[in-house]
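Quick note: the sequence shown, position 68, residue 596 per our numbering, numbers continuous. Yeah, the Cβ is synthetic: ideal placement off N, Cα and C, and Gly gets one too. Since we're looking at a predicted model, the values are computed, not measured.
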Amino acid sequence: MLGDNDGRVALLDPESLGLRFLDDVDGPVAAGAITTDGETVGVVLLDAGVQLLDVESGERLGVPMPGRSYDVSRVEPGARWNDAGTHVWTSTRGPVHRYIATPDAWLERACEIAGRELTEEEWRQYIGDSDPQTTCTP
């Protein structure tokens, strides 16, 4: 994965050595990592946060997840996915940040926090516009 200060993101084809550009992101790119299944790119934004991109379509997956703002003078950014592709970690010299990166993982975490089924209002606020479902188990 390659990224630049204008927010352009590209993948390098190892066979042809050609670049395939994905959707631009909102700001300079600090680092990035591709999930082990090759389906998602997590782009660490220099201005703060992580933007997920779909490898096949090249499109953004949702909006950037907010996070830490990096000091360019001392940043050593990096990114790493867990093997399941549900979380991406980003780092600088100091703190490491973990982002929940899939809708299923978000839902699982929301259920853990609530300790019950989500109300219709909570579902729409935290999960999205899809129809609320019974998914939290005691």
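- Rounded to whole angstroms, the separation of the alpha carbons of M529 and D554 is 16 Å.
- Distance from G595 to G577 at the Cβ level is roughly 4 Å; contact confirmed, criterion being Cβ atoms closer than 8 Å.
- Look at L547 here: in three-state DSSP terms it is strand.
- Straight-line spacing of the CA atoms in S585 and R652 works out to 26 Å.
- A642 and G546 have their C-alpha atoms roughly 47 Å apart.
- Setting aside the 5 residues that flank it on each side, V624 is surrounded in the same chain by W617, each with a C-beta closer than 6 Å to its C-beta; the list follows chain order.
- The continuous beta strand (DSSP E) containing Q579 extends over residues V578 to D582.
- A distance of 8 Å or more separates the beta carbons of L550 and L580.
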